[in-house]
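Novice: Please find one structure pasted underneath; my questions will follow.
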Amino acid sequence: MNLELVYPGVWKLSFGLPSSHTPVAFRSKPPADGAFLPPAERPPLDCDAIRFEATRRGCRLELPHDASEDLYGLGLQLKSFRQTGKKKQLRPNSDPIADLGDSHAPVPFYLSTAGYGVLIDTARYAVFYCGTHHDRQAAAAAESPVRGLADSTEALYAAPTESGDPVTVEIPHEKGVELYLFAGPAMRDALCRYVLFSGGGALPPLWGLGIFYRGYVHNDEEGTLRLARQLRESQMPCDVFGLEPGWQSHSYSCSFVWDRQRFPAPDRLAGEMRKLGFELNLWEHPFTHPAAPFHADIAPFSGSVEVWNGLVPDFATPEGRELYGAYHRKTFLERGITGFKIDECDHSDYIASDWSFPEYAGFPSGLDGEEMHSLFGLLSQQVLLEECERTGIRTWSNVRNTQALAAPLPFTLYSDLYDHRDFLRGLVNSGLSGLLWTPEVRQCQSEADLIRRLQLVIFSPMALINGWMIKNPPWLQFDVERNNRDELHEDREAITARCRDILELRMRLVPYLYSAFARYRIEGVPPFRPLVVDYPDDPTCRNIDDELLVGDHLLLAPLTAEMTVRTVYLPAGNWYDYRTGERFAGSRTLEIRPALEEIPLFVKEGTLMPWARSVEHITPATRFQLEPRCYGRAVRPFRLYDGDGFQLEPPLTAWVELLPAGNGQPVRLSQTSRLYGLMD
C-alpha cells in the first residue's frame with residue numbers, strides 16, 4: 018500500500034497494479050481551490066485496517082465501517098437512498114428496474130455520516146457490499162450477532178439497521194486499484210471536498226435556470242416556430258427550446274446533418290428563435306451514421322462494434338475527440354446553438370436491438386466495452402464542453418450517463434423511465450455524488466399528475482418539460498393521443514394559468530438558485546441535497562428520501578399525484594411556510610393536507626429571501642427586480658452572486674449583499690448590482 022496526500026484533506030491509497038483507464042485519469046477539470054475547508058491532518062479512516070487482495074476474479078478491498086454510521090451515494094440511485102446493508106453492482110443501465118445498482122450514473126463514491134467519503138477509482142462494474150458480510154477471521158475475533166426468528170419474508174431478508182461489518186468492494190478484471198479518502202470533519206465537509214477535488218460544481222448560465230421546453234418530434238421548421246410563438250403569446254416562461262431527433266437527416270444512428278426537407282434554412286430558424294428569446298438545444302447521440310460528413314475520417318478512431326449501423330467514436334483518443342468536436346463547433350456552435358441533449362450514451366440489457374455496444378467491444382485507445390460504457394457519457398460531455406469553451410459559449414445541456422468527478426460538467430441527467438417517486442428519490446440522491454438531475458415532465462396521467470410533476474421539476478437543476486411526443490403543450494391536453502388529435506381540454510385556460518403560476522415561481526427563484534450554484538462552484542456545496550448531509554446526527558433524517566434542501570434556506574417536501582396528505586419532518590430550528598409565513602418548530606413531524614396548487618416549501622428562520630419578479634425569459638439585459646421577504650425576526654444578510662450570467666468565465670468574486678432593514682433604513686443592496694435591483 019502507498020499513501021499520498023493529493024489535496025487538502027484528500028489521501029490517495031494505491032494497491033497492486035492499478036489500471037490507467039479510470040475516472041481520475043479522464044477527469045474533466047483540475048481540482049478547485051479548497052484552502053478554506055477545515056484542515057485535516059490525518060486520513061479519516063485507519064489505513065492499516067484497509068485490506069487488499071488480488072484474486073482470480075480481479076481484486077478486492079475491505080474498508081472499516083462502524084455500526085453507528087450510515088452510508089449514502091454510489092451515484093444516481095433511483096430505487097434506494099440509504100445504502101447501509103445493501104449490495105450494489107455499479108453498471109451503467111438506462112433501465113434500473115430493481116435496486117441492484119444499475120443506474121444512468123453509477124459513481125463508485127460513498128459518503129458516511131461519520132464524516133468521510135471514499136472514491137474507488139475504477140471504470141469496472143465494481144460490486145459494493147455495504148456492511149453486508151464478515152469473513153470467518155473477523156467472526157472468530159468478535160461475538161457473533163444473535164438473529165431472532167423471522168416471522169415474515171420481509172423480516173428474513175431485511176437489510177440490517179446496524180452493522181459493524183466492513184465495506185467490501187470487488188473490482189473485476191483488475192490486479193490493483195487506487196482509492197481516495199475525503200476527510201470531514203462533518204459529512205457536508207467531506208462531500209464539498211469531493212466536489213472541489215472533481216473541479217468544483219457546475220455554474221449554469223442565467224438562462225439555464227429558466228424553463229426548458231422540448232418540442233414535438235415530428236415538427237418541421239414551421240411547426241417549431243409556431244409552437245415557440247404560442248409559448249410567447251401565452252406568456253409562459255421559457256428560455257430554451259429543444260429539437261428532438263427529427264431535425265437530422267438520419268437518426269438512430271446520427272448524421273449530424275439537418276433534414277433540409279423539414280428544416281430548409283437552419284440559420285434562419287436559429288435567427289428567428291433568437292428573436293423570440295429562445296436558446297436552441299439539439300438532440301443527438303454519438304453513434305455516427307455513414308451519412309455523417311466526418312464518418313470516414315473518424316472510422317479509424319472508433320470501436321469494433323457498430324450501433325444502429327453507426328460508428329462508436331473513441332473519445333479516449335485525441336483524434337476521435339478532435340474530429341467529432343471540431344465538426345460540432347463549426348456546424349452548430351458557431352451558428353448559434355448553445356446546448357445539446359446527449360441520448361443513448363448509457364446501456365441497457367432490456368432492449369432487444371443493437372442500440373448499444375457490448376462489453377466485449379474493443380477501442381483504439383485500449384479501453385474495452387465495459388470500461389467504455391462506464392466512461393462514455395463522461396467523455397461525450399467533455400468533447401462538447403471543450404468546443405463550447407473554445408467558442409466562448411456557456412452551455413447548460415442534457416446527458417443520460419455520467420460517472421465519477423462529473424461535478425464541473427454543465428450537463429443535467431434525465432431518464433426515459435417515468436416513475437414520479439423514483440424521480441424524487443433521484444433528485445434527493447444526486448447531490449450525494451456531485452451529480453445534476455432533472456425529474457423532467459413528460460406524459461402525465463391527470464391534471465394532478467401534471468401539477469405535482471411541475472412542482473417538483475422547478476426545484477431541480479433543470480426545469481425541463483419534454484413535449485417530444487405531443488403536438489401541443491401538456492397544459493392544453495395531457496392525454497397523448499387526444500393531444501395529437503388536437504382535442505384540447507375544455508378548461509385548458511384554467512390549467513394553463515395554474516401551470517404558468519408554477520413556472521413563474523421558478524423564475525422568481527433564479528437569483529436564489531444562481532447564488533446557490535455559485536457556492537457549488539466555489540465551495541462545493543450541492544444546491545440540491547438530502548437533509549442527512551446537513552443533519553447527519555439526526556436519526557430521522559437518515560431515512561428521509563422524499564424531502565430535500567434547496568440551497569441553505571429552503572426545504573421542499575413534494576407530493577405525487579395520488580397524495581392528498583403527507584408527513585413532513587422539519588429538522589432542528591424554526592421553519593416558515595414560504596407563502597403564508599406560518600411558523601413551525603423543528604425536530605418534529607407534521608401532517609399536512611395541501612391543496613393541489615400548494616407546494617410544501619419551508620424557509621429556515623433568519624432568512625432574508627431574495628424573491629424576484631418573474632420574467633418570461635432571461636437576456637443579457639435582464640436585471641431582476643427583487644421583492645425580499647423576511648422569515649423570522651433576526652434575519653441575516655443574504656449574499657447574492659452578481660457574476661455575469663452569459664460570460665464564459667465570470668469572476669467568482671462578484672457578490673453583493675441584500676441587507677435587512679434596521680437603524681431607520683429599509684431592506685437594501687450593499688452596492689450597485691449588475692443583476693439585481695429592488696422594487697419600489
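Quick note: to get my numbering, add 17 to the position in the sequence shown (first position is 1).
No residue lacks a Cβ here, since even glycine has one placed at the ideal position from N, Cα and C.
Predicted model only: the values in this text are computed from it and were never measured.
Starting from the C-beta of residue 206, find all residues in its chain whose C-beta is less than 6 Å away, skip the five residues before and the five after it, and write them out in chain order.
Specialist: Cβ neighbours of residue 206 beyond the five flanking positions: 55.
Novice: Quick one: is residue 416 buried, meaning 16 or more other Cβ sit within 10 Å of its Cβ, or exposed?
Specialist: buried
Novice: Starting from the C-beta of residue 388, find all residues in its chain whose C-beta is less than 6 Å away, skip the five residues before and the five after it, and write them out in chain order.
Specialist: Within the same chain, residue 388 has close Cβ partners 38 and 140.
Novice: Would residue 440 and residue 401 qualify as a contact pair, given that the criterion is a beta-carbon distance under 9 Å?
Specialist: no
Novice: What is the DSSP secondary structure of residue 229, reduced to helix, strand or coil?
Specialist: strand
Novice: Please confirm if the segment 372 to 384 is in contact with the segment 423 to 438, defined as three or more CB-CB distances below 8 Å between the two stretches.
Specialist: no
Novice: Look up residue 457 in the DSSP assignment and say whether it is helix, strand or coil.
Specialist: DSSP places residue 457 in coil when its eight states are reduced to three.
Novice: Going by other Cβ atoms of all chains shown within 10 Å of its Cβ, with 16 needed for buried, is residue 367 buried or exposed?
Specialist: exposed
Novice: On the CB-based measure, 16 or more other CB atoms within 10 Å of its CB, does residue 536 come out buried or exposed?
Specialist: buried
Novice: Comparing C-alpha positions only, which one of 346, 528 and 329 sits nearest to residue 269?
Specialist: 329
Novice: From residue 67 to residue 548, what distance separates their C-alpha atoms?
Specialist: 30 Å
Novice: Among residues of its own chain, excluding the 5 on either side of residue 287, which ones have a beta-carbon nearer than 8 Å to its beta-carbon?
Specialist: 297, 352, 353 and 354
Novice: Leaving out five residues before and five after residue 453 in sequence, what residues of the same chain have Cβ atoms less than 6 Å from its Cβ?
Specialist: The answer, listed in chain order, is 429 and 478.
Novice: Is DSSP giving residue 362 helix, strand or coil here?
Specialist: coil
Novice: Using the C-alpha atoms, what's the distance from residue 681 back to residue 533?
Specialist: 30 Å
Novice: Tell me, which residues are paired with residue 555 by DSSP?
Specialist: Answer by DSSP bridge pairing: none, since residue 555 is not bridged.
Novice: Would you kindly report the start and end of the unbroken alpha helix (DSSP H) that includes residue 512?
Specialist: Per DSSP, residue 512 is one residue of the alpha helix (DSSP H) stretching across 509 to 540.
Novice: In or out: residue 631 buried (at least 16 other Cβ within 10 Å) or exposed?
Specialist: buried
Novice: So who's on the other strand from residue 138, going by DSSP bridges?
Specialist: Looking at the DSSP assignment, residue 138 forms a beta bridge with 195.
Novice: Please say whether residue 211 and residue 98 have beta carbons closer to each other than 9 Å?
Specialist: no
Novice: For residue 235, which of 260, 254 and 214 has the nearest alpha-carbon?
Specialist: 260
Novice: Closest by CA to residue 588, which one among 580, 598 and 569?
Specialist: 569
Novice: Compare the Cα-Cα distances from residue 603 to each of 447, 616 and 620 and report the closest residue.
Specialist: The shortest Cα separation from residue 603 among 447, 616 and 620 belongs to 620.
Novice: Considering Cα atoms alone, identify which of 590, 668 and 563 is closest to residue 623.
Specialist: 590
Novice: Please list, in chain order, all residues of the same chain as residue 35 whose beta carbon is under 8 Å from its beta carbon, the five residues on each side excluded.
Specialist: So the list reads 138, 191, 193, 194 and 195, once near-sequence residues are dropped.
Novice: Using DSSP bridges, identify the partner residues of residue 561.
Specialist: In DSSP, residue 561 forms no bridge with anything.
Novice: To which residues does DSSP link residue 106 through a beta bridge?
Specialist: Its beta-bridge partners are 144.
Novice: Which class does residue 665 belong to by DSSP, given the choice of helix, strand or coil?
Specialist: Coil, per DSSP.
Novice: Shortest alpha-carbon distance to residue 224 belongs to which of 650, 673 and 633?
Specialist: 633
Novice: Given that a residue counts as buried once 16 or more other Cβ atoms are within 10 Å of its Cβ, and exposed if not, what is residue 320?
Specialist: buried
Novice: Closest by CA to residue 71, which one among 505, 233, 57 and 18?
Specialist: 18
Novice: Checking 9 Å against the spacing of the C-beta atoms, do residue 523 and residue 480 come in under that value?
Specialist: In contact: residue 523 and residue 480 (Cβ atoms closer than 9 Å).
Novice: Pull the bridge partners of residue 187 from the DSSP assignment, please.
Specialist: 77 and 144
Novice: Can you tell me the Cα-Cα spacing of residue 557 and residue 476, whole angstroms?
Specialist: Approximately 23 Å between the Cα atoms of the pair.
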